[in-house]
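In what follows, a structure is listed as C-alpha cells, so that the remarks can point back to it.
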Amino acid sequence: MDQDVAIYAHELRKEFRVPRNREGLWGALRDLFGRRHDRIEAVAGVSFQVRRGEICGYIGENGAGKSTTIKMLTGILVPTSGEVVVNGFVPYRQRQAYVRTIGVVFGQRSQLWWDIGVIESFRLLRKVYRVPEADFRRRLDELTERLGLGELLHRPVRKLSLGQRMRCELAAALLHRPSVLFLDEPTIGLDVVAKAEIREFLLEMNRRDGTTILLTTHDLQDIEALCSRVIMLDGGRIIYDGGLDELKARWGAGRDVVIHFDRPVALAELRALTADVPAVWSADDERTVRARLPAGDGASVSELLARVAGRPGIRDIRIVEPNTDDIVREIYRTGMPDGAATGGATADGASAGGATADGAAGEPDQRREQEAVRA
Amino acid sequence: MIAMYAEIIRIRFLTMLAYRVNYYSGILIYAINIGAYYFLWRAIYAGQERLGGMTAAQMTTYVAVAWMARAFYFNNLDRDIATEIRDGSVAVQLIRPYSYLAVKMMQALGEGLFRLVMFMAPGMVLVALLFPVRLPADPAVWGWFALMLALSFVINSEINMLTGLAVFFLESGEGLMRMKRVVVDLLSGLMIPIGFFPAWAQGVLGALPFQAIAYLPATVFVGGRAGSDVYAAVGVQLFWCVALLLPIALMWRWARRRLFVQGG
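Protein sequence lines correspond, in order, to chains A and B. In the numbering used here, each number is its position in the first sequence, counted from 1, plus 327. In the numbering used here, each number is its position in the second sequence, counted from 1, plus 12.
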C-alpha cells in the first residue's frame, strides 16, 4: 500500500445483534429459553482513504455509523467484515502495538482518572506509552504552553470545567506524539470560546507536526474551520466524500434569519422590503417569519437585517446556522447526482467511490417517507 | 511494563485511601461476622475436643484468619468488568497499549493491598485481642500463608473475571454475580470448613477451584497441614491459577467480537 496513506478502509462492515423482547408474560417466559435477535447493520460497507497530514471530517446524523467506524479504526471494535489498515497496522489484530501510534479523544467519555490530579494521569500515561522522561518533560511543557494547561495540572479531573477537561484530554492523547489523531465529537457541549481554542490548537498541530486528523462532529463550524475534506455518512453508508466547498455549494442549507414580531406580519411586505436580497421567506407562525439565505453569503445577512430592522414591532432576531443534519436532509430532498460520492479529495481514484454511490442509491425515497410521517 | 503496573497499583491504592472512611465500618462488620461464627462454632463443639479434623481452638483461629484473608482477596472485579463492558467505558481502556484484563487485575491488587494494610492487619490485631485466636509461632507457616494468600487473590480474581465476562452474554448479570458471591463464600470453606461436608461433597469440592481460595490457606495457617501436605495445597492453588486462564482467554476473545459500544 501507498506510504502516503494513513487510514485505509475497504468495504468495512459492522453488524450488531440486539436482543428482541417478545410481548406479554408468555413472551417473557419464552424469552427465558430462547432469545431472538435482530441484526443491525451499523456500518454497511464503507471504503475510503485518508492521506498523511489530511484533516478529514466524518459527519452524519446520530446513528449514521460515525462512532462505530471510529471504534473500528481505533481497534476497539472488531469489524464484521472488510479491511482496515491504519499506520500499517490492522487495528483489531495488532491492537497493542497499533494504539501506540495513534491518539484518541472521545468528547463524551473521559479517559483521565477522575479522582486524581491531571498531572498524575499524565505520569501514568508516560509509563503506559513508555515515553522517556526527558521527552515527556519537553512534550508536556510544549502542550502546557499551547493548550494553556498551567494551573489545571494539579487539580483533580472532577474539578475541571468541560472546556478545561477537553484541553487536558487532548494533551493526554498527544503525549506520545501520535501520527494519527481520532476525535469523536471533540467540541460537544463546549462554549464558543473553548471551541475556538481547540480548533486553533488542532490546526496549528496539523501544520507543525503534520498530524493526520479524522474527526466526527455535528458542528459544521468545526468542519469549516478545520477540514479540507468531508465524508458524509447516512444509514451506515457514505453518501458524500469530497471537498467542503462543493458540499456547501450543492447542498448548503444556508443560514436562517428568524424574526419574531409582537404582532401578525405579512410575508408579502417583507418580500417587498428585501427584494434585492437573495432571501426566501417563509412563516413559522403568524408572528414568526424565517428568511433563508444562501450558504456562504455573509453580506446578505447584514443587508437583510438593515432592510428589516427599521420595521416596527420586532421582538427578537436569531440567526440559525445549519448543522450537518440539515445538510443530510437537504441532500435527500434534492436528490443525489451521480458521482457525488467521488468528489474532490479522492479524485485520484484512491477510494472505491463506485460502491459508495451504489450504497446511497435507492435511499432517498425511503427518507422522504420518513419526512412525510414526521410532518 | 512493570513500571506501568506498579503505577496502576499505586494510583488505585491512593484512590482507595481517599475513600478510607468507608472502610472503618467494614472492619466492624467483619468483626461482627467473626464473633457470630465464633459463638456458633463454640456451641457446635459443645465441649467436644475435635470435630471435622479440627480442635475447637483451631476452629476459632480458622474463622478469624479465613475472614481476614477474605478482606484481602475479596474484590468487585466482576462488577467492574460487567459495568465497563455494558456502559462502553471499556472503549477508553482498549485504546491503550496494554492488556485490559491485566490492568484490571493490577487495579484489584492495588485495592487488595490497601485492604491488607488498612483493614486486614489492624483487623487481625483487633480480633486476636477479642477472641482466643492462636497465631502460629513458626515463621515458615507465616511464609507459606503469605504465598497462599497471594494465590487465593489470583484465583478469586480470575473467577471474578469469568463472572464479569459471562455477564456480558446475559440480559441481566445481577443474579449471576450475587450467586457467585454466595457460592464462593460457601464452597470456599469460609462459612463451613470443607472437612465438615459429607464425604461425597468433599470429593466434589476438592475438584473445584473454590476451596483453593479460603480452605487451603486457612488450614495451613491453623496448623492442620504440614510437610508435603503444604506443598500439595500450594500445587493445587498453582494449578487453578493457570487452568482458569484458558476459559478467561476464550471468553475475552468472544466478548471482543460481540462488543457493542453505545453511541452511533
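Note that beta-carbon positions come from the ideal geometry of N, C-alpha and C, so glycine has one too.
For B:Val-242, there is no enclosing beta strand (DSSP E); the residue is found in the alpha helix (DSSP H) stretching over 240 to 255.
Closest by C-alpha distance to B:Pro-148, out of B:Thr-231, B:Leu-202 and B:Leu-217, is B:Thr-231. By alpha-carbon distance to A:Ile-641, the top candidate from A:Arg-590, A:Ala-599 and A:Ser-627 is A:Arg-590. Taking 4 residues as the shortest admissible run, the segment 594 to 630 of chain A contains the following complete alpha helix (DSSP H) segments, listed from N- to C-terminal end: 594 to 600. For A:Glu-342, there is no enclosing alpha helix (DSSP H); the enclosing beta strand (DSSP E) has its first and last residue at 332 to 347. Runs of the beta strand (DSSP E) spanning 3 or more residues and lying entirely within the segment 464 to 524 of chain A occur at 507 to 511, in chain order.
The CB of A:Val-405 comes closer than 8 Å to the CB of Arg-268, Arg-269 and Leu-271 in chain B, given here in chain order. Put simply, of A:Leu-597, A:Arg-638 and A:Glu-613 the residue whose alpha carbon is nearest the alpha carbon of A:Arg-619 is A:Leu-597. DSSP, reduced to helix, strand and coil, places B:Gly-122 within a helical segment of the structure shown. Scanning chain A for C-beta atoms nearer than 8 Å to the C-beta of B:Ile-107 yields Thr-401, Gly-402, Ile-403, Val-426, Ile-429, Val-431 and Gln-438, reported in chain order.
For A:Phe-449, the nearest beta carbon of chain B is not closer than 8 Å to its own beta carbon. Taken in chain order, the complete beta strand (DSSP E) segments of 3 residues or longer contained in the segment 339 to 395 of chain A are 363 to 378 and 382 to 387.
Per DSSP, the beta bridge partners of A:Leu-541 are A:Cys-383 and A:Phe-509. In the DSSP assignment, A:Tyr-567 falls within the beta strand (DSSP E) that extends over 564 to 570. Of the candidates B:Ala-81, B:Met-28, B:Trp-154 and B:Ala-255, B:Trp-154 places its Cα closest to the Cα of B:Gly-235.
Taking a C-beta cut-off of 8 Å against chain A, the contacting residues of the segment 110 to 122 of chain B are Tyr-110 and Ser-111, listed in chain order. The alpha-carbon of B:Phe-272 is positioned some 19 Å away from that of A:Thr-543. The alpha carbon of A:Pro-605 has as its nearest neighbour, out of A:Glu-350, A:Arg-379 and A:Asp-583, the alpha carbon of A:Asp-583. Around B:Ile-260, the same chain offers Leu-113, Glu-170, Met-173, Leu-174 and Leu-177 as residues with beta carbons nearer than 8 Å, after the five sequence neighbours per side are excluded. Secondary structure in the segment 119 to 171 of chain B: the alpha helix (DSSP H) runs of 4 residues or longer, each lying completely within the stretch, are 133 to 142 in chain order. Around the Cβ of B:Tyr-36, a 10 Å sphere holds fewer than 16 other Cβ atoms; the residue is exposed.
Here DSSP, grouped into helix, strand and coil, assigns A:Leu-404 to coil.
Contact annotation for B:Ser-101 against chain A: Arg-436 [CB-CB distance below 8 Å, chain order]. In this model, A:Leu-474 and A:Val-507 are separated by some 19 Å (Cα to Cα). Taking the Cβ atoms as the reference, B:Ser-184 lies roughly 28 Å from B:Ala-226, outside the contact range of under 8 Å. A residue is called buried when at least 16 other Cβ atoms come within 10 angstroms of its Cβ; A:Tyr-425 meets this threshold and is buried. According to the DSSP secondary-structure assignment, A:Met-559 is paired through a beta bridge with A:Ile-386 and A:Tyr-567. Taking a cut-off of 8 Å for Cβ pairs, the segment 373 to 381 of chain A and the segment 529 to 546 of chain A touch, as three or more such pairs fall below it. Contact with chain A is absent for B:Thr-72, since none of that chain's Cβ atoms lies less than 8 Å from the residue's Cβ. Contact with chain A is found for B:Thr-27, since one of that chain's Cβ atoms lies less than 8 Å from the residue's Cβ.
In the assembly as shown, B:Leu-262 is an exposed residue. Its beta-carbon has fewer than 16 other beta-carbons within 10 Å.
Not flagged as an interface residue toward chain A: B:Val-33, since no C-beta distance is shorter than 8 Å.
Contact between B:Leu-228 and B:Ala-245 holds, with the beta-carbon distance rounding to 4 Å and staying under 8 Å. When CB distances to chain B are screened at a threshold of 7 Å, not a single residue of the segment 523 to 548 of chain A falls below it.
Assignment of B:Val-75 by DSSP, reduced to helix, strand and coil, places it in the helix class.
Note on the segment 173 to 199 of chain B: whole alpha helix (DSSP H) runs with a minimum of 4 residues are 186 to 199, in chain order.
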